[in-house]
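Participant: Heads up, the sequence shown is in this note's numbering, so the first residue is 1171 and it goes up one at a time. A virtual CB, placed ideally from N, CA and C, is assigned to each residue, including glycine. Predicted model only: the values in this text are computed from it and were never measured. Here it is, the structure, as structure tokens.
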Amino acid sequence: MALKSTIFKAELQITDLDRNYYATHELTVARHPSETDERMMVRILAFMLHADDALTFGKGLSADDEPDLWRKDLTGAVQLWIEVGLPDEKRLRRACGRSDRVVVLTYGGRVAEMWWQQNQAALRKLDKLTVIDLAANETQALAALAQRGMSLQCTLQENEAWLIADGESLHVAPRVLNGALGEQA
1171 MALKSTIFKA ELQITDLDRN YYATHELTVA RHPSETDERM MVRILAFMLH ADDALTFGKG
1231 LSADDEPDLW RKDLTGAVQL WIEVGLPDEK RLRRACGRSD RVVVLTYGGR VAEMWWQQNQ
1291 AALRKLDKLT VIDLAANETQ ALAALAQRGM SLQCTLQENE AWLIADGESL HVAPRVLNGA
1351 LGEQA
């Protein structure tokens, strides 16, 4: 029998001072059985960094033709494609062909550094692509905030995030490896 996804509920209060975006989002996030808390929380962070009423989660690890998150316009055209982890270069080329903008959030410390070293020459040629690296200690601290019912407050300013959950605070400073964090499609 196949294992089922674990459902997490998250209330996100987002204050994005860079984009003048202020909203509360009620999310239901399915964590695939093979997905770690760290990866799931990076997906939630990706949502916070690019929050928009039209931003939605894809089918996740079980779908090869969908990203972790995406935003489509009313015609169904993909405006923003967001991948979490270390996708292969071919997948990112295809995503750039299907979307106005593609963002990858890498994490994992040394493994992410090696992935970037191996792929940066090809990825720098993709003008629609932004690659953002998250420090291992920050994503591990983010994973520690994971609960089945979460309430997170996030303030974004100058491309940095400050999160508060259950009295715990966390500072996340994404490092842009390619492209620009603040670009909007």
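Within this structure, are the beta carbons of D1207 and A1316 separated by less than 8 Å?
Facilitator: Yes, the pair counts as a contact, with Cβ atoms nearer than the cut-off.
Participant: Consult DSSP for L1182 and reduce its assignment to one of helix, strand or coil.
Facilitator: L1182: strand per DSSP, three-state reduction.
Participant: For the alpha helix (DSSP H) holding E1259, just list the boundary residues, first then last.
Facilitator: Its alpha helix (DSSP H) spans residues 1259 to 1268.
Participant: Applying the criterion that 16 or more other CB atoms from any shown protein chain within 10 Å of the CB defines a buried residue, is P1203 buried or exposed?
Facilitator: Per the 10 Å Cβ criterion, exposed.
Participant: Determine, using beta-carbon pairs with one atom in the region 1179 to 1196 and one in the region 1206 to 1220, whether at least three such pairs fall under 8 Å.
Facilitator: Yes, they touch.
Participant: Fully enclosed by the region 1189 to 1251, which beta strand (DSSP E) runs are 3 residues long or longer?
Facilitator: DSSP runs (the beta strand (DSSP E)) wholly in the region 1189 to 1251: 1191 to 1201, 1225 to 1227, 1239 to 1242.
Participant: In the DSSP assignment, the alpha helix (DSSP H) including A1282 goes from what residue to what residue?
Facilitator: Start and end: 1280 to 1293.
Participant: Is the Cβ-Cβ distance between R1294 and N1348 less than 8 Å?
Facilitator: Cβ distance < 8 Å, so R1294 and N1348 count as in contact.
Participant: Does the beta-carbon of D1238 have 16 or more other beta-carbons within 10 angstroms, so that it is buried, or is it exposed?
Facilitator: It counts as buried.
Participant: With distances taken from CA atoms, which of A1306, R1261, K1298 is nearest R1280?
Facilitator: Nearest option by C-alpha distance: A1306.
Participant: Whole angstroms is fine: what's the gap from L1178's alpha carbon to K1298's?
Facilitator: Note on residue identity: the sequence assigns Phe, not Leu, to residue 1178. About 32 Å.
Participant: Check each candidate in A1292, R1268, L1256 and name the one with the smallest Cα separation from W1285.
Facilitator: Per the Cα distances, L1256.
Participant: What do you reckon, are the CB atoms on I1184 and A1224 nearer than 8 Å?
Facilitator: It is not a contact, given that the beta carbons lie outside the stated cut-off.
Participant: Reducing DSSP to helix, strand and coil, say where Q1310 ends up.
Facilitator: Looking at Q1310 - three-state DSSP - the assignment turns out to be helix.
Participant: What separation, rounded to the nearest whole angstrom, lies between the Cα atoms of T1226 and G1278?
Facilitator: Computed Cα separation, rounded: 24 Å.
Participant: Taking a contact to mean a Cβ-Cβ separation below 8 Å, would you say I1334 touches Q1327 in this structure?
Facilitator: Cβ distance not < 8 Å, so I1334 and Q1327 don't count as in contact.
Participant: Please report how far the alpha carbon of W1240 lies from the alpha carbon of V1248, in whole angstroms.
Facilitator: Rounded to the nearest angstrom, the two C-alpha atoms are 7 Å apart.
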